[in-house]
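Residue numbers (my numbering): 6 to 188.
Quick reminder that beta carbons are idealized off the backbone N, C-alpha and C, glycines included.
Source: prediction; values computed, not measured.
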Amino acid sequence: MAMTPPPPAPAAATGPHNVFVYGSLMADEVVRAILNRVPPAVPAILPDYHRFSIKGRIYPAILPVQSKRVAGLVITGVTEEELQVLDAFEDVEYTRTRVEVSLTDSSEKMLADAYVWSDAEDPDLYGEWDFEEWKKLHKKDFLAMTNGFMHEREQPESKTRVETYQSFMQQREQPTPGGQLDG
6 MAMTPPPPAP AAATGPHNVF VYGSLMADEV VRAILNRVPP AVPAILPDYH
56 RFSIKGRIYP AILPVQSKRV AGLVITGVTE EELQVLDAFE DVEYTRTRVE
106 VSLTDSSEKM LADAYVWSDA EDPDLYGEWD FEEWKKLHKK DFLAMTNGFM
156 HEREQPESKT RVETYQSFMQ QREQPTPGGQ LDG
């Protein structure tokens, strides 16, 4: 299915970073919730990768797959501090990896960091994740979870993003007093 993932990104200079995003971070509201701003972004293609859906999750994963491609955005001008916040948000499920993307408007090639799924053999990966479907069905809940994570992150004993996501989704699935599932 997937090719061997490339090695993690080497330690980079502290200057501005480019980050290729391909899932929930393509939504300005999610980026704003995490970084407290929306940096400039340009459309780009990541060749030889595939964007998978993940069973039981509402966010995607990418892994190297020959002859596939992932459309996304390159967020430019990300500071070192913002990159650390993104690392915390992406948590242990992803490995920040240096990739080469092609800008959609000019075909110019650019190096960027991307968050690649850490488990190349994950049996929960399937099909192809769809951003437009996510916006319609899951963006509101994902934004609420993201805001919860960012608030939790400020606490002395904060949860990881994965723990925040899991507890948020469990709360959403609890029956309400009328017997209906919340949501």
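### Task
Quick one: using the 10 Å Cβ neighbour count with 16 as the cut-off for buried, is H22 buried or exposed?
Mapped onto the sequence shown, residue 22 falls at position 17. Burial of H22 is indicated by the presence of at least 16 other C-beta atoms within 10 angstroms of its C-beta.
### C-alpha distance - E85 paired with R74, whole-angstrom precision
In the sequence shown, the residue the question calls residue 85 occupies position 80. In the sequence shown, the residue the question calls residue 74 occupies position 69. Approximately 28 Å between the Cα atoms of the pair.
#### Entry: Contact under 8 Å by Cβ, V24 with A93
Counting from 1 along the sequence shown, the entry for residue 24 is found at position 19. Counting from 1 along the sequence shown, the entry for residue 93 is found at position 88. It is not a contact, given that the beta carbons lie outside the stated cut-off.
### Message
Ignoring anything shorter than 3 residues, give me the beta strand (DSSP E) runs that lie fully in the segment 84-128, in order along the chain.
### Response
Counting whole runs of 3 or more residues, the segment 84-128 contains the beta strand (DSSP E) stretches 99-108 and 114-122.
### Task
Mind checking who H22 pairs with in its DSSP beta bridge?
Taking the first residue of the sequence shown as position 1, residue 22 is located at position 17. As a beta-bridge residue in DSSP terms, H22 pairs with V83.
### Task
Measure the alpha-carbon distance for P44 versus R56 and round it to whole angstroms.
The residue labelled residue 44 in the question sits at position 39 within the sequence shown. The residue labelled residue 56 in the question sits at position 51 within the sequence shown. Going by the C-alpha atoms only, they are around 23 Å apart.
### Task
Could you check what DSSP says for I39 in three-state terms: helix, strand or coil?
Here residue 39 is taken as the residue at index 34 of the sequence shown, counted from 1. Helix at I39.
### Query
Counting pairs of Cβ atoms below 8 Å between the segment 31-42 and the segment 141-160, do you hit three or more?
Yes: at least three Cβ pairs fall under 8 Å.
### Query
What are the start and end residues of the alpha helix (DSSP H) that includes R158?
The count along the sequence shown starts at 1 and reaches residue 158 at position 153. First-last of the alpha helix (DSSP H) with R158: K144 to R158.
### Task
Hey, could you find the ends of the beta strand (DSSP E) A46 is sitting in?
Stepping through the sequence shown from its first residue, residue 46 is reached at position 41. Unbroken beta strand (DSSP E) run through A46: A46 to I59.
### Neighbourhood of G82 by C-beta, 7 Å cutoff - its chain only, sequence neighbours within 5 removed
Within the sequence shown, residue 82 is the residue found at index 77, counting from 1. Taking C-beta separations shorter than 7 Å and ignoring five residues to either side along the sequence, the partners of G82 in its chain run P21, P44 and P45, following chain order.
### Rounded separation between H156 and V121 - CA only
Stepping through the sequence shown from its first residue, residue 156 is reached at position 151. Stepping through the sequence shown from its first residue, residue 121 is reached at position 116. Looking at the two C-alpha atoms, the distance is approximately 25 Å.
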